[in-house]
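See structure below.
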Amino acid sequence: MTLIRFRASQEQDVDLSRTYDAVVVGSGAAGGMAAHVLTSQGMKVLLLEAGKKIPVEQELRSMEWPYDHPRRGEAPPGYHAIRFNEYTVRQPPYAKGSAFKHVFSYVGGWGGSDYVKNILVDEKDHPYTGTKYAWVRARLLGGKTNIWGRLALRLSDYDFKGKTHDGYGEDWPISYADIEPYYDKVDLYLGISGHKENLPHLPDSLFQRPNKLTGAEVKLRKSLATMGRTLTPYRAGVTTDGVKNKYRSKCFGRGACDRRPGGCDIHAAFDSPTGLIYPAMDTGNLTLRTNSVAHEVLVDPNTGKARGVSFVDSQNHRTYEAKAKVVIVAASTLESARLLLLSKSRQHPNGIGNSSGHVGHNFCEHVMGPGVTGLVKEMVGAPPTLDDGKPGGFYVPRFRNLQDKQPGFIRGYGFEGSSGFSIFPHSVWGTPGFGGQFKKSVREHAGAFISMGAFGEVLARYENYMDLDPEQKDAWGIPVLRFHYEFSDNEKKMCEDMANAGKEMLEAAGIEVVGVDKTILTEGWSIHELGTARMGTDPKTSVLNQFQQSHDVKNLFVVDGSSHVSASCQNPTWTIMALAWRSCEHLADEFKRGNL
Ligand SMILES: Cc1cc2nc3c(=O)[nH]c(=O)nc-3n(C[C@H](O)[C@H](O)[C@H](O)COP(=O)(O)OP(=O)(O)OC[C@H]3O[C@@H](n4cnc5c(N)ncnc54)[C@H](O)[C@@H]3O)c2cc1C
Ligand code: SF4
177 MTLIRFRASQ EQDVDLSRTY DAVVVGSGAA GGMAAHVLTS QGMKVLLLEA GKKIPVEQEL
237 RSMEWPYDHP RRGEAPPGYH AIRFNEYTVR QPPYAKGSAF KHVFSYVGGW GGSDYVKNIL
297 VDEKDHPYTG TKYAWVRARL LGGKTNIWGR LALRLSDYDF KGKTHDGYGE DWPISYADIE
357 PYYDKVDLYL GISGHKENLP HLPDSLFQRP NKLTGAEVKL RKSLATMGRT LTPYRAGVTT
417 DGVKNKYRSK CFGRGACDRR PGGCDIHAAF DSPTGLIYPA MDTGNLTLRT NSVAHEVLVD
477 PNTGKARGVS FVDSQNHRTY EAKAKVVIVA ASTLESARLL LLSKSRQHPN GIGNSSGHVG
537 HNFCEHVMGP GVTGLVKEMV GAPPTLDDGK PGGFYVPRFR NLQDKQPGFI RGYGFEGSSG
597 FSIFPHSVWG TPGFGGQFKK SVREHAGAFI SMGAFGEVLA RYENYMDLDP EQKDAWGIPV
657 LRFHYEFSDN EKKMCEDMAN AGKEMLEAAG IEVVGVDKTI LTEGWSIHEL GTARMGTDPK
717 TSVLNQFQQS HDVKNLFVVD GSSHVSASCQ NPTWTIMALA WRSCEHLADE FKRGNL
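Residue numbers (our numbering): 177 to 772.
This is the structure we're talking about:
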């Protein structure tokens, strides 16, 4: 059976003498969606991507067994992934002075580092400075979507109208009703697997076939229902029934995306190149230029409007200009803020779109670390079953501060978890003994554990921000970001509650609690960075309007997570794409009317 029938469109020669209708910076979830929507509206688009286009299927080798790899999936000597302890005791830039030739973020230390060594950035070339931060970046066509964790969740009005609910921060300039039709479009175009639960705080998607829960998960689900809480199959941004897209296959439940740092070589899991960019290229309206590191949004000195983008070719180090009538920044939350701050001109002395002084500020994300592990006694000694042949385990949505009011903190958190047999029984590390008895014990217990870890909302605060380091530059001579960011008391109190609530839930289900982790992981660990160019109705306190359009420069749009007003506790990628779809539809309308 042939799973992928079509090769990706070849790159075209890029004509930089012409003026494109739009130039998009970045090809991840946000940039890919912008390219898809604008080209389908007939606009001529140039997509600039800083990274390479790599043969990602050959890189991921999803069907390769550990024993077929010379180092069981590990990268060759000379590659090093930063460990939690290093993030804890050292300050960025973490690769400075390292004896290793290549240094990666902590994701490069997950099982199977060889499969991501050409996907994650080398921290030696891409330093940053300031406060502790575990920054995970993927610089290649498709960005982080090549290896994302696939949990695809919607936000609700508990999130969009958080200030109305509890008085903190700002409401978003949109409500759920505004974005719901675009979530639907994303679901239908890309495919999402899940189970309907009818929860007001976690709206359902238009789901394809859900993943099956294990016995332990069904047991916990039943018990949680009596507490008014929900355990639902992982809502995966994966097409389980198939979508109309010649570059993608439906999911065959091979589990490779969940056993390794991520990625699916048959593209059942959404990634931006096959889900969005190649189909956009097939319209004939999209031109792609990779290895193009944007470092300035150019401004027309007469009008103050954006007139294009200046970029460095990452291979030959030469600088070029791309001309366009509209500029769309989608380089990911932190890189987009960096690009806006780098784009200083007479008209925009603090960086383009930054008359409010809010670019780089109000940074928010998810705090994580606390979690629990339980032993389901009746599963000990049970015959092995295929439990990890699927793209994810389960999700327990937020249950705090909905109808109730917690004494120590506002907002909430959700749990991601899994259970049952897996290709490698991780419980082996904690199993005492040796020899035959040890092996017997590992085998008997291999499918009997259930574990879950929480992701909580970090409050957006003006004091949490990034600016440009006045001295440090990256390998292309571009000033890097400097972090000024730390968790507040609200996040720390929330983390205490995560560990306690996790324990309480397992105990209530009659599952023996064998591990409670209270450690808070380094800032940035969630890889859900948001909020550095937030939307709002007031140009004095926000950067973008509800269509992710700059308040200052009407032909400049920033369509990634930087526009989010608050982090909520749900993973952001599906919202990033729904918002980008909505904004780009508006952009195309305005463009046709001559309003940009
Ligand atoms: C291991 C992992 C697990 C994750 N799990 C989940 C999950 O379960 N659920 C979820 O919702 N999200 C998850 N995420 C996060 C998700 O990947 C991001 O939310 C999503 O990719 C953001 O899309 P983006 O377009 O903003 O950024 P990216 O996907 O990072 O794309 C940005 C692109 O812009 C390019 N770029 C950057 N700077 C420039 C420049 N100056 N010039 C030109 N191009 C530039 C980059 O090379 C990149 O290709 C995970 C991420 C990782 C790494
Ligand atoms: S489980 Fe599905 S999405 Fe994951 S690697 Fe296998 S086919 Fe791809």
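Each residue gets a CB set at the ideal place from its N, CA and C atoms; glycine is no exception.
Pick from the options that is closest to residue i, judged by C-alpha positions
i      : options                           : result
Ala630 : Val572, Thr415, Arg587 and Leu657 : Val572
Arg576 : Tyr255, Pro231, His377 and Ala211 : His377
Glu225 : Glu346, Arg237 and Ala211         : Ala211
Glu683 : Gln725, Ser203 and Ile626         : Ile626
Gln582 : Glu667, Leu214 and Ala513         : Glu667
Ala677 : Arg658, Arg574, Leu644 and Val719 : Arg574
Arg483 : Thr495, Asp189, Ala314 and Tyr196 : Tyr196
Gly480 : Arg658, Leu732 and Ala444         : Leu732
Gln384 : Val692, Val394 and Ile368         : Ile368
Arg247 : Tyr291, Asp335 and Thr215         : Tyr291
Ala624 : Pro655, Glu299, Gly557 and Glu592 : Gly557
Lys768 : Arg194, Gly202 and Gln217         : Gln217
Met219 : Asp335, Val488 and Thr463         : Thr463
Met753 : Ala257, Tyr243, Ile355 and Gly249 : Ile355
Gly391 : Gly288, Val552 and Val535         : Val552
Val502 : Leu772, Thr215 and Thr340         : Leu772
Collapsed DSSP secondary structure at residue i in the structure displayed
i      : result
Ile504 : strand
Thr408 : strand
Glu633 : strand
Ser603 : helix
Gly612 : helix
Ser594 : strand
Leu516 : helix
Val556 : coil
Cys745 : coil
Lys300 : coil
His542 : strand
Glu683 : helix
Glu761 : helix
Lys768 : helix
Leu317 : coil
Glu511 : helix
His621 : helix
Glu225 : coil
Asp447 : coil
Lys669 : helix
Proximity test, residue i beta-carbon vs ligand 4 heavy atom, cut-off 7 Å
i      : result
Ile355 : Judged by which ligands are present, ligand 4 is missing from the structure shown, whose ligands are ligand 1 and ligand 2.
Near ligand 1: residue i beta-carbon under 7 Å from a heavy atom
i      : result
His704 : yes
Ser468 : yes
Lys320 : yes
Gly391 : no
Ser203 : yes
Ser289 : no
Arg315 : yes
Val312 : yes
Asp736 : yes
Ser508 : yes
Val283 : yes
Trp750 : yes
Leu192 : no
Glu472 : no
Ile504 : no
Trp324 : yes
Leu644 : no
Bridge partner(s) assigned by DSSP for residue i
i      : result
Gln384 : Ser369
Met628 : Val548 and Gly593
Cys427 : Answer is none; Cys427 lacks a bridge partner.
Pro655 : Lys649
Tyr641 : His660
Gln725 : Phe733
Tyr255 : His278
Val362 : Partner(s): none; Val362 has no beta bridge.
Met711 : Leu720
Glu472 : Ser486
Arg465 : Leu224
Below-8 Å beta-carbon distance, residue i vs any chain D residue
i      : result
Gln722 : The structure shown contains no chain D; it holds only a single protein chain.
Output the residues surrounding ligand 2, defined as those with a CB atom closer than 6 Å to any ligand heavy atom, in chain order. Ser238, Val414, Cys427, Phe428, Gly429, Arg430, Gly431, Ala432, Cys433, Cys440, Ile442, Ala444, Ala445, Lys566 and Pro567
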